[in-house]
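Note sheet for the following structure.
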Amino acid sequence: MEFEHSLAFAKKMDQQDPLKAYRDKFYIPEIKGKEALYFTGNSLGLQPKNTKSFIEDELEDWASMGVEGHFQAKKRPWFHYHKFSKQALANIVGAKPLEVVSMNNLTANLHFLMVSFYRPTKKRFKLMIEKGAFPSDQYAVESQIKFHGLDYDEALIEVAPRDGEHTLRTEDIVSTINENADSLALVMLSGVQYYTGQLFDIKEITKAAHEAGAYAGFDLAHAAGNVSLNLHDDDVDFAAWCSYKYLNSGPGGVSGIFVHEKHANNSDIPRLAGWWGHNEEERFQMEKGFEPMPGADGWQLSNVNVLSSAAHLASLEIFEEVGMTALLEKSRLLTGYLYFLLETLNNEGEKIEIITPKEPKNRGCQLSLFMKQNGKKVFEALSNEGVIADWREPNVIRVAPVPLYNTFEDVYRFYQIVEKTIA
Ligand SMILES: *Cc1c(COP(=O)(O)O)cnc(C)c1O
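According to the working numbering, the sequence shown is numbered sequentially starting from 9.
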């Protein structure tokens with residue numbers, strides 16, 4: 009695709025976009041009476057217009073039948089609610105329905121999964137993450153290590169970019185794994201790094217972790233619904249993500265987990281259990297003795313947060329309709345266009361350095377712009393002009409054109425504002 013540097017080209021791309029009708033399925037926030045240029049779907053995805061009716065269905069059933077809604081709800085009996093998202097989630101993360109379930113929130117799920125997959129022994133006790141991981145993940149990992157009575161500095165391995173580089177090289181991740189092969193218990197990285205937008209090579213990292221005798225888990229908060237994932241085929245042990253970023257399911261929305269099929273029937277894996285993970289046939293017999301459901305379901309604890317999950321289903325319906333293939337195809341073009349435009353005003357990297365990898369296979373839709381001059385001023389100017397983007401200290405602007413609702417014109421207008429303000 010030969011990109012062109014004009015509003016007319018951007019408009020032509022929008023006209024030819026097979027997904028153009030989807031923007032209208034979302035509410036676009038307004039600033040000063042005009043539609044905002046919303047580039048923060050990586051933080052909070054926009055609200056689909058069908059969300060309200062999904063939630064209203066449940067409110068009506070609750071109002072009209074009370075507790076009977078667990079089995080009698082008109083469309084989606086609450087007892088089975090976690091099952092309704094399985095197929096769509098499986099399609100998004102490249103898994104079998106058995107391997108996924110939506111439950112709890114993300115950080116809580118990381119803890120529950122680490123209880124199962126970070127079981128340090130005297131010899132094998134190290135946990136590897138990327139340096140600069142999302143704070144919640146850092147705190148989760150720190151507290152897990154301390155919970156096991158281990159020394160944090162000794163047990164934690166952080167892989168860092170080389171001096172002068174912003175992103176990690178797969179070869180460096182793999183060699184760090186190999187160097188610690190005798191003592192490594194778990195590798196837990198992001199799928200897409202929240203700060204740099206880098207997509208890690210999940211398959212290679214998982215392979216290296218397994219060869220070293222460690223488990224491999226991924227936090228897919230910035231990856232689910234944003235990049236191509238093949239968790240089953242890549243042999244990943246576990247993963248978790250949130251639904252309120254690219255999955256558009258509302259602030260604080262329900263999280264999702266993946267546990268590989270090979271662990272599905274292993275009831276020896278220790279876990280923190282609750283009644284919703286217990287054999288469904290006997291759940292209401294209320295007897296002693298935990299017997300986990302096969303697959304990811306066996307990690308559930310509580311009964312489903314139905315209102316949040318209703319919003320989740322509304323969004324997943326859109327993902328099912330569009331399909332990841334079409335979505336990723338547009339994403340590649342849309343972010344590719346942004347990359348192309350920003351490169352043209354970049355004066356040999358004097359003003360803006362795009363720290364996100366250029367190659368589409370190494371990123372999703374987000375670009376992280378390392379501002380070399382007047383970063384905060386540019387960001388404020390963008391905000392004044394109706395752009396909703398995201399500022400990360402010390403000087404990075406993150407921009408995520410989301411293929412479901414952003415347009416090529418959005419991207420072009422963003423570029424124009426940046427051009428004007430850094431001139
Ligand atoms: C957004 C995000 C979180 C947020 O965690 P919650 O438990 O949903 O508040 C955690 N980790 C990463 C990597 C994230 O991007």
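Here a beta-carbon is modelled for each residue, glycine too, at the ideal position from N, C-alpha and C.
Note that this is a predicted model, so its numbers are computed, not measured.
At what residues does the alpha helix (DSSP H) containing residue i begin and finish?
| i | result |
| --- | --- |
| S61 | T59 to M73 |
| M301 | Neither: M301 is in no alpha helix (DSSP H) and is coded neither H nor E. |
| N186 | T178 to E187 |
| Q424 | F416 to I430 |
| F348 | M332 to T352 |
| D22 | L15 to Q24 |
| H78 | G77 to Q80 |
| Q95 | K94 to V101 |
Can you name the start and end residues of the beta strand (DSSP E) that residue i belongs to?
| i | result |
| --- | --- |
| D438 | Outside the displayed range of the chain (9 to 431) lies residue 438, so it cannot be described from this structure. |
| D377 | The identity of residue 377 in the sequence shown is Leu, whereas the question assumes Asp. Note, L377: beta strand (DSSP E), L375 to M379. |
| Y223 | Y223 to D227 |
| D398 | D398 to R400 |
| R406 | V404 to V407 |
| K385 | Per DSSP, K385 belongs to no beta strand (DSSP E); it is in the alpha helix (DSSP H), G383 to N392. |
| E361 | I360 to I362 |
| M111 | V108 to M111 |
Let me make sure I understand the geometry here. Which of the options has the alpha-carbon closest to that of residue i?
| i | options | result |
| --- | --- | --- |
| N234 | E187, S51 and I430 | S51 |
| E173 | N58, T204 and S263 | T204 |
| I425 | Y413, V386, V330 and P26 | V386 |
| P85 | T59, S323, N311 and E325 | N311 |
| K211 | F348, I63 and I181 | I181 |
| I277 | K296, A304 and E290 | A304 |
| A431 | R170, K366, N414 and K359 | K359 |
| A322 | K20, N58 and M9 | N58 |
| W249 | P368, S144, V404 and N287 | S144 |
| L27 | S339, M196, N186 and F226 | S339 |
| K253 | K94, G49 and K42 | G49 |
| N99 | Y413, G331 and L114 | G331 |
| K82 | K94, F92, E68 and Q95 | E68 |
| M9 | L350, Y423, P402 and E337 | E337 |
Under 8 Å, do residue i and residue j count as touching if we go by C-beta distance?
| i | j | result |
| --- | --- | --- |
| A224 | V244 | yes |
| A141 | S198 | yes |
| E107 | V267 | yes |
| L45 | R421 | yes |
| A103 | H240 | yes |
| A232 | V101 | yes |
| L256 | P56 | At residue 256 the sequence reads Asn, which differs from the Leu that was named. A contact, by the Cβ cut-off of 8 Å. |
| K130 | L192 | no |
| E417 | D22 | yes |
| H90 | Q308 | yes |
| S110 | S251 | yes |
| E166 | E138 | yes |
| T429 | A389 | yes |
| L15 | Y35 | no |
| M301 | E290 | no |
| P365 | Q201 | no |
| I153 | Y160 | yes |
| F327 | A29 | no |
| F378 | E361 | yes |
Can you check DSSP and say which residues form a bridge with residue i?
| i | result |
| --- | --- |
| P56 | F34 |
| A248 | D227 and I265 |
| V195 | M136 and A224 |
| L121 | None; L121 has no bridge partner. |
| Y147 | Beta-bridge pairing links Y147 to no other residue. |
| K42 | I39 |
| E166 | I137 |
| L207 | V200 |
| R371 | Q206 |
| T48 | A408 |
Does residue i have its Cβ less than 8 Å from a Cβ in chain D?
| i | result |
| --- | --- |
| N117 | This model lacks chain D altogether; it includes just one protein chain. |
Legend entry - Given 8 Å, three or more beta-carbon pairs between the stretch 271-289 and the stretch 317-336: As far as the Cβ criterion goes, the stretch 271-289 does not touch the stretch 317-336, which means the pair count is below three.
Legend entry - the stretch 119-127 touching the stretch 326-345, judged by at least three CB pairs closer than 8 Å: The stretch 119-127 vs the stretch 326-345: no contact.
Legend entry - Contact the stretch 397-410 vs the stretch 371-382: 3+ CB pairs below 8 Å: In short, these stretches touch, since the Cβ pair count reaches three.
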